[in-house]
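Take 1 as the starting number for the sequence shown in the working numbering and just add one per residue.
Even for Gly, the Cβ is constructed at its ideal location relative to N, Cα and C.
Please read these numbers as outputs of a predicted model, since none were measured by experiment.
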Amino acid sequence: MMAISGKTRVCGVIGDPIEHTLSPPIQNAAFSHLKLDFVFLAFHVKAADLENAIRGMRGLGIHGLNVTMPHKSTVISYLDKVDSAVKFLGSANTILNRDGKLSGFSTDGVGALKALRENGAELAEKKVLLLGAGGAAKAIAFSFAQEAGSLCILNRVPEKAAVLADALNRMFGKKIVGGALSPSAVQKNLRDADILVNATSVGMHPTVNQSLVAPQWLKPNLVVMDIVYNPVETKLAKDAKTAGAKVISGVEMLIYQGAASFEIWTGRSAPIGVMRKAALNKLSNTGENK
Ligand SMILES: NC(=O)c1ccc[n+]([C@@H]2O[C@H](COP(=O)([O-])OP(=O)(O)OC[C@H]3O[C@@H](n4cnc5c(N)ncnc54)[C@H](OP(=O)(O)O)[C@@H]3O)[C@@H](O)[C@H]2O)c1
């Protein structure tokens with residue numbers, strides 16, 4: 001890390017809980033690699049203290065923040081400006097402080113899109129099957145909807161998938177479908193899918209032996225992105241690899257969404273390799289990180 005000086009810019013992440021966050025090692029490795037006079041810290045902010053924390057950001061001139069659970073939605077009311085993704089999702093994960101004016105962004109969707117592209121998979125004309133309709137799934141659906149050939153969203157609570165599909169259809173004028181995440185629906189939709197994204201928490205530590213997709217439904221010409229990054233290789237990812245599919249790990253989305261935040265704060269191109277190494281290093285040292 002660069003020596004802290006009188007000009008060091010402070011960035012950080014706010015959440016509750018926060019102690020398991022991977023963002024400080026990832027962002028500090030990137031600042032350090034580019035010799036930027038920035039430092040990144042984790043702040044434990046309880047829900048009742050959020051407004052004061054954001055006042056503190058203005059008052060102390062904290063340059064940038066990542067926002068994680070449980071503040072992603074509530075933080076919006078304290079910001080001056082938000083991007084189109086934040087408006088659609090009703091949540092923000094990145095704040096930039098420009099001379100006291102706070103702008104909110106959501107980088108999960110662009111992070112997922114970049115993870116796909118930079119790993120050699122294209123979306124145009126492709127049939128995408130998205131499992132999940134929670135916060136991350138919504139962000140992914142928003143960023144994939146415009147480009148994908150088709151998008152099918154399946155969720156355990158089917159109404160959430162249907163509401164999301166309807167909202168995207170209204171926005172993009174496309175035929176996006178939403179339905180119940182049953183084994184038969186997954187199997188049926190996988191038959192002609194090109195890209196499968198698991199955006200549920202199934203397979204995440206500690207239930208690492210779970211997957212919503214039976215191994216025999218996977219095929220070599222499929223791209224499988226599992227956004228769960230703990231463990232780095234989920235059961236779904238292992239099964240997909242065995243089936244000969246192209247696998248993109250959740251660490252890729254984690255890095256590219258962090259890279260998007262880094263670029264918003266610094267205006268510089270993020271050193272992806274350095275950030276990936278820092279994330280994998282941290283994940284391999286503490287297998288229980290969230
Ligand atoms: N790689 C990255 O950068 C990145 C970024 C964000 C999140 N993530 C990971 O993505 C996962 C989801 O995060 P989130 O923020 O979207 O959480 P969330 O808003 O709580 O959504 C959880 C999703 O998982 C589904 N789900 C949970 N348990 C299930 C089960 N047993 N069977 C079927 N579906 C189940 C939920 O379905 P219901 O709606 O029916 O409950 C919902 O769709 C987490 O593992 C998180 O760590 C990764």
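- Judged by beta-carbon spacing, LEU131 lies within the 8 Å limit of VAL197, meaning their Cβ atoms are closer than that value.
- Taking C-beta separations shorter than 8 Å and ignoring five residues to either side along the sequence, the partners of GLU19 in its chain run ALA42 and HIS44, following chain order.
- In the pairwise beta carbon analysis, the region 233–253 is classified as not touching the region 174–194: fewer than three pairs are separated by under 8 Å.
- About 35 Å separates the Cβ atoms of ALA47 and LEU129, ruling out a contact at the 8 Å cut-off.
- Look at ALA180 here: in three-state DSSP terms it is strand.
- Between the region 75–95 and the region 252–270, the count of Cβ pairs shorter than 8 Å is three or higher; the stretches touch.
- Rounded to the nearest whole angstrom, the CA to CA distance from GLY120 to GLY6 is 43 Å.
- Put simply, of ILE14, HIS205, PRO231 and ASP226 the residue whose alpha carbon is nearest the alpha carbon of VAL213 is ASP226.
- If you check the C-beta of THR200 against ligand 1, you find a heavy atom less than 7 Å away.
- Take the alpha-carbon of ARG58 and the one of VAL67: they are about 15 Å apart.
- DSSP places SER103 outside any alpha helix (DSSP H); the residue lies instead in the beta strand (DSSP E), whose first and last residues are 101–105.
- For GLY64, the enclosing beta strand (DSSP E) stretches over residues 64–67.
- Taking C-beta atoms as the reference points, VAL13 and LEU65 count as a pair closer than 8 Å.
- Assigned with DSSP and collapsed to three states, ILE227 falls in coil, not helix or strand.
- One thing to note: ALA148 has its Cβ no nearer than 8 Å to the Cβ of LYS114.
- A distance below 8 Å between beta-carbons, with the five flanking residues on each side excluded, links SER269 to the following residues of its chain, in chain order: GLU263.
- Judged by pairs of C-beta atoms under 8 Å, the region 20–38 touches the region 274–282, as three or more such pairs exist.
- Assigned with DSSP and collapsed to three states, ILE255 falls in helix.
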